[in-house]
Structure formats: structure tokens, C-alpha cells
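Undergrad: Before anything else, here's the structure in question.
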Amino acid sequence: MTQRHPLAGVPARTRRLLLIATVVLTLLMGWLGAPLENETAPLGIVSFELAPDLIASQRIVGSWSIADQHRAAFLNGLDFLFLLLYSTTMALFCLEIARNCGDAHPFLRRVGFLLAWGQWGAALFDVLENVALVWLLVAIPWQVLPPIARFCAIVKFLLLVLGFGYILFGFVLLHRRRRVLQEGPSTP
Numbered sequence: 002m003t004q005r006h007p008l009a010g011v012p013a014r015t016r017r018l019l020l021i022a023t024v025v026l027t028l029l030m031g032w033l034g035a036p037l038e039n040e041t042a043p044l045g046i047v048s049f050e051l052a053p054d055l056i057a058s059q060r061i062v063g064s065w066s067i068a069d070q071h072r073a074a075f076l077n078g079l080d081f082l083f084l085l086l087y088s089t090t091m092a093l094f095c096l097e098i099a100r101n102c103g104d105a106h107p108f109l110r111r112v113g114f115l116l117a118w119g120q121w122g123a124a125l126f127d128v129l130e131n132v133a134l135v136w137l138l139v140a141i142p143w144q145v146l147p148p149i150a151r152f153c154a155i156v157k158f159l160l161l162v163l164g165f166g167y168i169l170f171g172f173v174l175l176h177r178r179r180r181v182l183q184e185g186p187s188t189p
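Letter 158 of the sequence shown, counting from 1, is numbered 159 in my numbering, and no numbers are missing.
The structure is reproduced here in C-alpha cells:
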């Protein structure tokens with residue numbers, strides 16, 4: 002059975018452009034989000050994403066100036082573009098590794114295919130998280146919002162870490178395989 006994915010036919014040039022755009026937007030968001038880091042929110046917006054309850058999230062928002070709260074809202078809006086970029090880029094690289102595993106590693110190929118879909122799952126959880134955070138930023142004090150945002154953030158980060166780990170492992174595996182093919186089999 003051949004596994005199909007909507008991104009399977011994306012050319013290498015498009016993958017490179019998406020990777021560049023993802024890296025640039027990652028750096029930009031890090032730079033824009035740096036002023037949100039303080040004693041109450043040591044990880045800036047990520048501290049807000051992971052706040053366990055309403056009191057903690059209100060404490061974080063309260064530690065930011067009005068300008069910083071606007072910055073957080075802007076970052077949340079920008080994250081809707083970012084999630085499309087990072088999830089698609091990560092999915093493409095998971096598929097690329099899976100494709101290059103070939104018949105030599107069918108289990109790794111299946112894992113890569115599933116993780117490619119998982120990156121879009123991460124984006125879906127990011128959307129739900131962002132909606133909860135936007136509601137909190139506009140002062141809708143629902144007790145349920147921070148736990149929802151936190152759960153979604155944790156699932157998102159877990160899926161991204163799994164995808165990134167798979168990509169790194171795959172690059173190492175493929176690099177070793179290419180090196181062995183170039184050098185030929187070693188003799189003891």
C-alpha cells in the first residue's frame with residue numbers, strides 16, 4: 002500500500018523557500034517577543050501559553066505594560082501565519098526523510114509519514130491555544146481558558162519535538178548511509 006500525503010510532490014526549491022521563511026519568522030518572533038520576558042514570565046509568551054490557571058495567566062498579563070500586552074496580542078496574531086509555515090515545513094522534512102529511508106527502513110518511513118501529519122496536528126492545537134490566549138488577552142476571565150491553552154501548547158510542543166527529533170535522526174542516518182556508500186564497506 003502506498004501512503005499518500007498532500008505535500009508529497011512539493012519540489013525541493015519550494016521546501017528550501019519555506020525553510021528560509023520559517024527560520025526568518027522564527028527569529029523575528031523571538032526578537033519581537035524578547036521584551037515580554039520578565040521575572041513573572043521568564044519565557045515571555047511561552048510562559049503565558051503554559052500558565053496552569055487563570056491566576057497565573059492574569060499575573061503574567063499584569064506583569065506586562067499595555068504596550069507589551071499589545072505586543073503579545075500582535076505575536077499571537079502573527080503566530081497564525083507562523084503555524085502554517087512551521088507545520089508545513091516540518092511536515093515536508095518529515096516526508097523527505099521518510100522518502101529517503103526507502104525500503105531499508107520501512108518502520109522509520111511509516112513513522113515519518115505519521116509525524117508529517119502530526120505537524121499539522123501541532124498547528125491545529127496551536128490554533129486552539131491561540132484562540133484561548135486571545136480571549137485571555139482581551140480580558141475574558143474564564144477559568145477554563147488557561148488549562149485549555151496549556152494542554153494545547155503541551156501537545157503542540159510534543160508533536161514538534163517528535164517531528165524535529167525524527168528529522169535530526171533521519172539526517173544523521175542518511176548522512177551515515179551516504180558516507181558508507183562513498184567510502185565502501187570497511188574491512189576489519
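Beta carbons are placed, not taken as given, at the ideal position from N, Cα and C, and that holds for glycine.
How about the region 99-119 and the region 136-146: do they share at least three Cβ pairs that are nearer than 8 Å?
TA: In short, these stretches do not touch, since the Cβ pair count stays below three.
Undergrad: Could you tell me whether the region 87-96 touches the region 132-140, where touching means 3 or more Cβ pairs closer than 8 Å?
TA: With the cut-off at 8 Å, the region 87-96 and the region 132-140 do not touch.
Undergrad: Between which two residues does the alpha helix (DSSP H) holding V139 run?
TA: Element bounds for V139: n/a, residue is neither H nor E.
Undergrad: Keeping to the same chain, check which residues put their C-beta closer than 7 Å to that of A9; ignore five residues upstream and five downstream.
TA: The answer, listed in chain order, is L96.
Undergrad: Note down the Cα distance separating N39 from I56, rounded to an integer number of angstroms.
TA: Going by the C-alpha atoms only, they are around 17 Å apart.
Undergrad: Could you tell me if the beta carbon of V112 falls within a distance shorter than 6 Å of some heavy atom in the ligand ADP?
TA: Among the ligands in the structure shown, none appear at all, so the ligand ADP cannot be discussed.
Undergrad: Assess, as a yes-or-no matter, whether the region 10-30 is touched by the region 123-134 under the definition of 3 or more beta carbon pairs within less than 8 Å.
TA: Touching, no, given that fewer than three Cβ pairs across the two stretches are closer than 8 Å.
Undergrad: Using the three-state DSSP reduction, which class does G45 fall into: helix, strand or coil?
TA: Coil at G45, not helix or strand.
Undergrad: Return the chain-ordered list of same chain residues with a C-beta closer than 8 Å to the C-beta of M2, the five sequence neighbours on each side being excluded.
TA: Any reading at M2 needs caution, since the residue's pLDDT is 35, under 50, leaving its predicted position unreliable; the model's value is listed next. Result list for M2: empty, nothing under 8 Å.
Undergrad: I67: buried (16+ other C-beta within 10 angstroms of its C-beta) or exposed?
TA: Flag for I67 reads exposed.
Undergrad: Could you tell me whether the region 74-84 touches the region 165-179, where touching means 3 or more Cβ pairs closer than 8 Å?
TA: Taking 8 Å as the limit for Cβ pairs, the verdict is that the region 165-179 does not touch the region 74-84.
Undergrad: Take I46 and list the residues in its own chain whose beta-carbon comes closer than 7 Å to its own, dropping the five residues that flank it on each side.
TA: Closer than 7 Å at the Cβ level, and outside the excluded window around I46, lie G34, L37, A73 and L76.
Undergrad: How big is the Cα-Cα spacing for F152 and F158?
TA: Spanning the two alpha carbons is a distance of roughly 10 Å.
Undergrad: Do A42 and I21 count as a contact pair if the criterion is CB distance below 7 Å?
TA: No. Outside cutoff.
Undergrad: What span of residues does the alpha helix (DSSP H) with S80 cover, start to end?
TA: What sits at residue 80 in the sequence shown is Asp, not Ser. Taken as a continuous stretch (DSSP letters only), the alpha helix (DSSP H) holding D80 covers I67 to C102.
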